[in-house]
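Novice: Position one of the sequence shown corresponds to residue 23 (this note's numbering), numbered consecutively onward.
Even glycine gets a Cβ: it sits at the ideal position worked out from N, Cα and C.
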Amino acid sequence: MLIKRTPAVRSSEITDERDYLRRRDFLKAASGAALAAAAAALPDRPLRAAAAQEPLAPIAPSPFSTDERWNSFRDITSYNNFYEFGTEKEDPARHAGQLRTKPWTVRVEGHIGAPDADYALEDILGPHALEERVYRLRCVEAWSMVVPWVGFPLGDLIRRFEPTSRARFVRFETLFRPSEMPGQRRPILQWPYVEALRMDEALHPLTILAVGLYGKTLLNQNGAPLRLVVPWKYGFKSIKSIVRIQFVENRPRTSWNVSAPSEYGFWANVNPHVDHPRWSQKNERRIGRFFRQETRMFNGYADQVARLYTGMDLRRNY
Ligand SMILES: Nc1nc2c(c(=O)[nH]1)N[C@H]1C(S)=C(S)[C@@H](COP(=O)(O)O)O[C@H]1N2
Ligand SMILES: [Mo]
Numbered sequence: 023m024l025i026k027r028t029p030a031v032r033s034s035e036i037t038d039e040r041d042y043l044r045r046r047d048f049l050k051a052a053s054g055a056a057l058a059a060a061a062a063a064l065p066d067r068p069l070r071a072a073a074a075q076e077p078l079a080p081i082a083p084s085p086f087s088t089d090e091r092w093n094s095f096r097d098i099t100s101y102n103n104f105y106e107f108g109t110e111k112e113d114p115a116r117h118a119g120q121l122r123t124k125p126w127t128v129r130v131e132g133h134i135g136a137p138d139a140d141y142a143l144e145d146i147l148g149p150h151a152l153e154e155r156v157y158r159l160r161c162v163e164a165w166s167m168v169v170p171w172v173g174f175p176l177g178d179l180i181r182r183f184e185p186t187s188r189a190r191f192v193r194f195e196t197l198f199r200p201s202e203m204p205g206q207r208r209p210i211l212q213w214p215y216v217e218a219l220r221m222d223e224a225l226h227p228l229t230i231l232a233v234g235l236y237g238k239t240l241l242n243q244n245g246a247p248l249r250l251v252v253p254w255k256y257g258f259k260s261i262k263s264i265v266r267i268q269f270v271e272n273r274p275r276t277s278w279n280v281s282a283p284s285e286y287g288f289w290a291n292v293n294p295h296v297d298h299p300r301w302s303q304k305n306e307r308r309i310g311r312f313f314r315q316e317t318r319m320f321n322g323y324a325d326q327v328a329r330l331y332t333g334m335d336l337r338r339n340y
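This is the structure:
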């Protein structure tokens, strides 16, 4: 794959020392992961070793975090949805270790001032300061978790690429590599997995790109090395293992919406008043707890995001 260095960085964005140190730490972490991946290629090593985590630093705490109790690392990394590795909750932890995430490039293209190009992951992450953001993740299947993500605002990245006025939506694609993603050998969904946000949703300060959780790089089952987290929407919007970010004019067709349009809308805002056709969305089961709890509008983030949807009928635009 062609790797171009980012020419999008302007002099105003030249890395200061703090960023440089952080980037150096990230690169150190990344090369550790590469060693783990190399070790995993030996026939006597379990493939899962490829998913070894590395520490990330420095990480600033975020004022956007919830103070709810975190789910355990074990819950977060063993109960997953990642259909590229199978449809059972245990499948991603079982099979995602075989995915190679080094090297990793992200194609950024479309209505932007910066050149369309394949950007090395280090260049995508380079200038962005990392934060720990403890967010609720609410799956459309009516379970939820609280996850201490490590990431940075998607808006910071978007501004770096200078979208033009024609960029009204941001479209994301997951890696398509059936040799390492066994779920992609079957037509469970239209591959690659695609998601998208309207530009104001993408720029909202709650929307982040995550590179880690619990202070370390992501395990593959959680979407290594780079995934979206949109805390007020059902989990399927938070696309994993991103290889393409496109700035487009028209609303994109997204994977779950295409596969079952009456069940999975484009907007996918968490909404206890609009049920899924096959089950209620009024309450949820927090993984690790016994009693169900009431689901809150916009997953509890209404104060911050409700204004994005004023004038929109959320029953029709589910
Ligand atoms: N590429 C890809 N991204 C995906 C999915 C998927 O199957 N493939 N599942 C989504 C769904 S339905 C949920 S609930 C969350 C789960 O994230 P987690 O496993 O890190 O908790 O990832 C989302 N992102
Ligand atoms: Mo989900």
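For PRO253 and TYR323, which I take to be in contact (beta-carbon distance under 8 Å), what is that distance rounded to the nearest angstrom?
Specialist: Your numbering for residue 253 matches position 231 in the sequence shown. Your numbering for residue 323 matches position 301 in the sequence shown. Confirmed, about 6 Å.
Novice: From ARG220 to PRO274, what distance separates their C-alpha atoms?
Specialist: Here the question's residue 220 lines up with position 198 in the sequence shown. Here the question's residue 274 lines up with position 252 in the sequence shown. Spanning the two alpha carbons is a distance of roughly 10 Å.
Novice: Among LEU197, GLY132, ARG116 and TRP289, whose alpha-carbon lies nearest the alpha-carbon of ALA328?
Specialist: Here residue 328 corresponds to residue number 306 of the sequence shown, with the count starting at 1. The option with the nearest alpha carbon to ALA328 is TRP289.
Novice: If you count every other CB in all the chains shown that lies within 10 Å of the CB of PRO137, and 16 or more means buried, which is it?
Specialist: Start at 1 with the first residue of the sequence shown, and residue 137 comes out as number 115. Exposed, since its Cβ has fewer than 16 Cβ neighbours within 10 Å.
Novice: So, TYR256 versus ASN291, is the Cβ gap smaller than 9 Å?
Specialist: As a working mapping, residue 256 is identified with position 234 in the sequence shown. As a working mapping, residue 291 is identified with position 269 in the sequence shown. Yes, the pair counts as a contact, with Cβ atoms nearer than the cut-off.
Novice: Could you check which residue in GLU76, VAL233 and MET319 has the C-alpha nearest to that of TYR340?
Specialist: Translated into positions along the sequence shown, residue 340 becomes position 318. It is MET319.
Novice: DSSP three-state call for ARG220: helix, strand or coil?
Specialist: Within the sequence shown, numbered from 1, the residue matching residue 220 stands at position 198. In this structure, ARG220 counts as strand in the three-state DSSP scheme.
Novice: Whose CA, out of LEU231, GLU153 and GLU223, lies closest to the CA of PHE86?
Specialist: Locating residue 86 in the sequence shown gives position 64, counting from the first residue. Of LEU231, GLU153 and GLU223, the residue nearest in Cα terms is GLU153.
Novice: For ARG300, tell me which candidate among TYR286, ARG308 and ILE230 has the shortest Cα-Cα distance.
Specialist: If you number the sequence shown from 1, residue 300 lands on position 278. Here the closest residue by C-alpha is TYR286.
Novice: Write down every uninterrupted run of the beta strand (DSSP E) in the region 122-162 whose length is 3 residues or greater and which is fully enclosed by it, in chain order.
Specialist: Entirely contained in the region 122-162, the beta strand (DSSP E) runs reaching 3 residues are, in chain order, 127-132, 139-142 and 152-160.
Novice: For the putative contact between GLY132 and GLN268, defined by C-beta atoms under 8 Å, what is the C-beta separation to the nearest angstrom?
Specialist: Within the sequence shown, the letter at position 110 stands for residue 132. Within the sequence shown, the letter at position 246 stands for residue 268. Between GLN268 and GLY132 the Cβ distance is about 4 Å, and since that is below 8 Å, they are a contact.
Novice: Would the region 116-136 and the region 186-202 be scored as touching if the rule is three or more Cβ pairs under 8 Å?
Specialist: Result yes; three or more Cβ-Cβ pairs closer than 8 Å.
Novice: Taking the alpha-carbon positions, what's the GLY310 to GLU184 distance?
Specialist: Here residue 310 refers to the residue found at position 288 of the sequence shown. Here residue 184 refers to the residue found at position 162 of the sequence shown. Rounded to whole angstroms, GLY310 to GLU184 spans 43 Å at the Cα level.
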